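One structure below.
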């Protein structure tokens, strides 16, 4: 058997889920802008909600949750596939978190009258963004594979420890950031059409996330196999 | 109570444009990195075909 046939050489085709995710997000955005009522007090700027909230939820709970689980399992099992999964989740999560940190101030300027305030929710989110950025930069600076995986797994676990504090920050501190209107013990305080758009948007961004992580993981696998084939690792 | 809906559509557009740039930009970056990797794979020399070992002397006899 030809050994090259077992490697993950990158193909020219774009991942199907990634393509589906991009179309789904385009559909969700269309619905949010043109087919969802305008909020009376906040006006059109409130529609940023439909990208800000799903991006935040996916980054904090899904991407960084996946980062924590993969990192923890890597420290236990030492399987390089878990390291690649943690790397992929961290990078895609950082992209989602960047969208949260960029769209939040644009929305905040219209509602709060200021682009930024150093309250607990915003500051902790910015800290988490820097920690995950640091994790990815740390990976670039360590050449030895197992040491790189071990250090970044520890940092990944520590980064994910911030997530519960970010979630609870709006309850523990006085902040400008509103409390959750959907993820709370009582029923969501959102009109039906807006809630439907939010759920559609969430599903679309989740599909995009899965497509991006799959593509990033495929890239990481192929890169590691290439380095092994070149004899540089 | 009368509610005056603010006209802040420009902020909505800015939010969607910024998010679009980040998501599409990262997707394109990822695809470019994959293409660059594919080029490096193509530059690798073809794998050596293992020659079959010569038969042991007593088998030839």
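Residue numbers (my numbering), protein chains in the order written: chain V, 7 to 239; chain R, 6 to 66. Ideal Cβ positions, reconstructed from N, Cα and C, are used throughout, including at glycine. Keep in mind the model is a prediction, meaning the values are calculated, not measured.
Cβ contact (3+ pairs, closer than 8 Å) linking the stretch 162-176 of chain V and the stretch 46-53 of chain V: no
Three-state class that DSSP yields for residue 231/V in the structure shown: helix
Nearest-angstrom Cβ-Cβ length linking residue 111/V and residue 124/V, presumed shorter than 8 Å: Not really, about 12 Å apart at Cβ, beyond 8 Å.
Status (buried if at least 16 other CB within 10 Å, exposed otherwise) for residue 60/V: buried
In DSSP terms, what residue 45/V is bridged to: 49/V
Beta carbon proximity, residue 49/R to chain V, threshold 8 Å: yes
Cβ-based burial, residue 47/R [other Cβ within 10 Å; buried from 16]: exposed
Short Cβ contact (8 Å threshold) for residue 225/V with residue 39/R: yes
Inter-residue CB distance, residue 65/V and residue 217/V (contact presumed, cutoff 8 Å): Not really, about 15 Å apart at Cβ, beyond 8 Å.
CA-to-CA distance, residue 91/V to residue 132/V, given in whole angstroms: 23 Å
Cut-off 6 Å between Cβ atoms - residues of its own chain near residue 77/V, not counting five sequence neighbours on either side: 92, 159, 162, 163
is_contact[residue 9/V, chain R] using C-beta, thresh 8 Å: With a pLDDT of 42 at residue 9/V, under the threshold of 50, the predicted position of this residue should be treated as unreliable, though the coordinate-derived value follows. Closer than 8 Å to some Cβ of chain R, the Cβ of residue 9/V qualifies, so yes.
Status (buried if at least 16 other CB within 10 Å, exposed otherwise) for residue 26/R: exposed
Rounded C-alpha distance that separates residue 219/V from residue 67/V: 15 Å
DSSP three-state assignment for residue 119/V, whether helix, strand or coil: coil
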